[in-house]
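Data first, discussion second: the structure below is written as C-alpha cells.
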Amino acid sequence: MRPLTPRRIAAICALLTGVLFVVVVFSLQVGAYPISVSDVAVTLVRGALGHWNSIPSSDRLIVFGLRLPRIALGILVGAALSVSGASFQALLRNPLADPYVLGVSSGAALGAILSLLLLPQFPWAMQGLAFLGALATIAAVYFLGRRKGQLDSTTLLLAGIISASFLSAIIMFFMTTVSGRDFRGMAFWLMGDLGTAPAIGLGFLFVVLLIGIGAIYTTSSDLNLILTGEQEAHHLGVNVPRVKLVVYVSASLLTGLAVSVSGAIGYVGLLIPHVMRMLFGSDYRVLIPASAIGGAIAVALADTLARTVVAPTELPVGAVTAAIGAPVFIYLLRRRFP
Amino acid sequence: MSAQGMPAPNAGRDTAAGWMQNPVRLVVEQASYAYSTSDRDAPDFTLGPVTFSARQREVVGILGPNASGKSTLLRLVSGEFKPLSGRVELDGKPPGQLPLRERAQRIAMVHQESTLMFPLRVWEYVLQGRYPYGRRLRFENEGDCLMAENALAQVGAKQLLDRRMDQLSGGEGQRVILARALAQQPMLLLLDEPTQHLDIGGKVELMRRLRKLAEENRYTVVVVTHELNLAAEFFDSIVLVQRGKCLASGKPADVYRRELLEQAFETELDVEMNANGRPRVVLRGGEETEAAGGDAETPKESL
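One line per chain: the protein sequences are U and F, in this order.
Remember, our numbering sits 3 above the position in the first sequence when you count from 1.
Remember, our numbering sits 607 above the position in the second sequence when you count from 1.
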C-alpha cells in the first residue's frame with residue numbers, strides 16, 4: 004500500500020517540468036534561423052537578469068520577440084486542452100472523451116468565428132463567445148448521449164462526432180461570407196495555429212487558465228470517486244451535482260480560451276491524460292497536474308515540428324497533433340477499455 | 608478476522624446506558640415514495656407505506672419479486688431519497704437531512720458491483736471508503752491505511768491488497784466492495800443484492816460474514832436479496848414487498864406464511880419449519896412435493 008502523497012506529486016511535477024524546459028530550449032534553438040544551445044542559454048540568462056543591451060539584437064528578436072511567446076502560448080494551450088480532456092473523461096466516465104472528439108472545440112470555434120463576424124470591435128467577445136459555445140456544446144452532447152437516463156459511451160461518442168460535423172458545417176457557412184484572404188487565415192486558424200499572438204495577452208491568459216485548472220484540481224478527490232460511478236460517489240459523500248457543475252464550467256472555460264487563441268487543436272486532450280495514466284497512475288490528484296505539464300510538452304513539441312518540417316512555410320499545429328494522434332486514438336480504441 | 612484494531616463504528620455516539628438497553632437505531636414508519644417522470648403526471652411507481660425498525664447487531668432482509676420496490680426502499684433508508692410521507696430516522700435523525708459526508712460516516716451502501724473505467728489496486732479502492740473523513744481534497748494518512756487493512760482483514764481478503772480490481776473473481780470482488788464499505792466505519796450497512804454473482808458456497812459465506820460483522824462491529828444491516836431460505840436462516844427480521852406495497856414485516860417465522868409468499872411471488876410455495884424454528888420455503892409441485900434447493904427460491908427460477 005503506497006498512498007499518494009503531496010511529495011510524490013511534487014516530484015512528478017518537477018520531473019515533467021524538467022522535460023518541458025528541455026523542450027523549450029530545443030524549440031528556441033531550431034527554426035529558419037538556428038541558434039546554438041549555448042547562445043540560447045546565454046540569451047535566456049541575460050534576459051532573466053535584465054541585461055537586454057548585452058544580447059545581440061537578432062537573437063533578442065528571435066528568442067524573446069518570436070519564439071518564446073509562441074512557445075509560451077503552446078504551453079498554455081496544451082495544458083488547458085489536456086486538463087479539460089482529463090476532466091471530461093472522468094465526468095462522462097468515458098476513456099475516449101476529449102474536447103475535440105466531443106465537438107466542444109468546434110462549438111468554441113463557432114463562437115469565436117461569430118464574434119469575429121458580429122462583434123469585431125470587442126476583444127473579449129471572442130473569448131466569451133468561445134466559452135459559451137463550448138459550454139452549450141458539452142451540454143447538448145451530454146443530453147444527446149443519454150439513453151434511458153444513463154450515459155451510454157457509444158451514443159455519447161457518436162453524439163459528439165455528429166455535433167462536431169454539424170458545427171463544422173455551420174462554421175463553413177459563415178466562412179463563405181468572408182473575403183478570400185480572411186478565409187485562408189480562418190481556415191488555417193481552424194486547424195490549430197499558434198502563430199498569432201493572442202489579443203488578450205499571455206499574462207492574462209495564464210491567470211485565467213490557472214484559475215480554471217485550480218478549480219478542477221480542488222475536485223480531484225471527488226473525480227476519483229465519480230470514476231467508479233455517480234451513485235457510489237454519492238453514497239461516499241460526494242456532492243455529485245456540485246462537482247459536475249464546477250468541472251463542466253471550468254473545462255469549458257479551458258477549452259473555450261484555448262480554441263479562441265489557437266483554433267481547434269485535436270487529440271491533445273485525449274492522448275496526454277492516457278499517457279500520464281500509464282506513467283503515473285489514474286489518481287486525479289496527480290493526473291491533473293501531470294496532464295497540464297504533459298499537454299504543455301506535447302503542444303510545444305508539436306508546434307516546433309509544425310514550423311520546421313516544411314520550412315520555410317509552416318503547417319498548422321493541429322495537423323501535426325492529428326497526424327500523430329489519430330493512429331494512437333485507433334490503437335486505444337482497439338485496446339478495448341473495460 | 609477480529610474486530611480488534613477496528614474501533615466500534617459508533618464509539619462515542621452511544622451512551623453506556625443506551626448501549627446496555629440497545630435502543631432501536633433505525634426507524635422506518637409509514638414511509639412512502641413515488642417516482643414520476645414529470646411533476647404533472649401521475650407517478651409511475653409508488654412505494655409504501657412501509658414500517659419496520661432495527662436495533663444494532665440486527666440484520667434485516669428486504670424480500671420481494673423483481674421490480675417490487677426493494678431497491679427503492681433501500682435508497683429511502685440510505686437517505687438518497689426523501690420519503691414523501693412518513694419518516695425514516697437513524698438515531699433520531701432523518702438521514703436525508705444529514706450533510707452528505709456526515710451521512711457517509713454513518714451509512715455505507717454496498718452496490719452490486721463496481722464497473723471501473725481504469726484499473727485500480729485493491730488498496731486504492733478500499734481507501735476510497737475513507738473519503739467522508741477529513742477535507743474534500745485530501746491525502747490518506749497512516750490511520751486510513753490501517754483502517755483499510757483492517758477492513759480487508761475483516762472480510763478475509765487481506766491477501767488481495769496489491770491485486771488489481773479487474774483481475775479479481777466475482778466473490779473476491781464482492782468482498783473488496785464490502786471492505787470499502789467497512790472502511791467508512793458506518794453504523795448502518797446497506798447491501799443491494801450482494802449475492803447476485805456468487806455460488807451457493809459464496810452466498811452462505813457472505814451471510815455468515817454479515818452476521819458476524821453485525822455482531823462484532825455493532826452494525827445494523829439491511830440487505831435486499833432474492834434468497835428466501837438464506838434470509839430466513841440468517842436474518843433477524845424480514846420486510847416483504849410486492850408491487851410497491853409492504854405485505855408484511857417482522858420475524859421470519861411470522862412473515863413466512865404460505866398465503867403471503869404465494870401472493871408476493873405468484874408461485875405455489877409451501878413453508879416448512881426447521882428444527883431451529885426457522886422457516887424454509889419449498890416449491891409445491893403437482894403430484895409430489897419437492898424441496899426447493901439451490902436457486903429455486905429466486906422468483907425468476909420459480910416462475
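The beta-carbon is built from N, C-alpha and C at its ideal position, and this holds for glycine as well.
Small disclaimer: the values here were computed from a predicted structure and weren't measured.
Here the C-alpha atom of U/L308 lies approximately 17 Å from the C-alpha atom of U/T199. Three or more pairs of CB atoms, one per stretch, sit closer than 8 Å, so the region 42 to 51 of chain U contacts the region 61 to 79 of chain U.
By the CB criterion at 8 Å, F/F842 and F/V667 fall inside the cutoff. One alpha carbon belongs to F/L854, the other to F/M814, and they sit about 24 Å apart.
Neighbours of U/R280 across chain F, judged by C-beta separation under 7 Å: F725. U/S166 and F/N824 have their C-alpha atoms roughly 53 Å apart. In this structure, U/G114 lies near U/G136, with their beta-carbon atoms less than 8 Å apart. At a cut-off of 8 Å, the C-beta of U/R149 has no neighbouring C-beta in chain F. When DSSP states are grouped into helix, strand and coil, F/G693 belongs to the strand group. Using a Cβ-Cβ cut-off of 8 Å, U/D62 does not count as an interface residue toward chain F, since no Cβ of chain F sits closer than that to its own. Between the beta-carbon of F/Q719 and that of F/E800 there is about 5 Å, and that keeps the pair under the 8 Å contact cut.
Nearest to U/F177 by alpha-carbon distance, out of U/L120, U/F191, U/L197, U/T222, is U/L120. Here F/K700 is bridged, per DSSP, to F/L697. Against chain F, the beta carbon of U/R338 has no neighbour under 8 Å; the closest one sits roughly 12 Å away. Around the beta carbon of U/R280, a 10 Å sphere encloses 16 or more other beta carbons of the protein chains shown; the residue is thus reported as buried.
Interface with chain U (8 Å Cβ-Cβ cutoff): F/S776 is excluded. Beta-bridge partners of F/V888 (DSSP): F/V878.
Spatial neighbours of U/L76 in its own chain (CB-CB distance under 6 Å, excluding positions within 5 residues in sequence) are listed in chain order as L197. Secondary structure of F/D799 (DSSP, three-state): strand. Counting along the chain, F/V634 sits inside the beta strand (DSSP E) bounded by residues 631 to 642.
Within chain F, no C-beta atom comes nearer than 8 Å to that of U/D101; the closest sits roughly 14 Å away. Interface flag for U/S285 against chain F is set, since a Cβ pair is found closer than 8 Å.
For F/M716, the neighbours in chain U by C-beta distance under 9 Å run, in chain order, Q234, E235, H237, H238, L239.
Residues of the region 183 to 204 of chain U whose Cβ lies closer than 7 Å to any Cβ of chain F: none.
With at least 16 other beta carbons inside 10 angstroms of its own, U/H277 counts as buried. The beta carbons of F/M772 and F/L727 sit closer together than 8 Å. Any Cβ of chain F closer than 8 Å to the Cβ of U/P9 would place that residue at the interface, and such an atom is present. Interface residue (Cβ-Cβ distance to chain U less than 8 Å): F/C853 is not classified as such. The distance from the Cβ of F/R662 to that of F/V631 is about 6 Å, consistent with a contact at the 8 Å cut-off.
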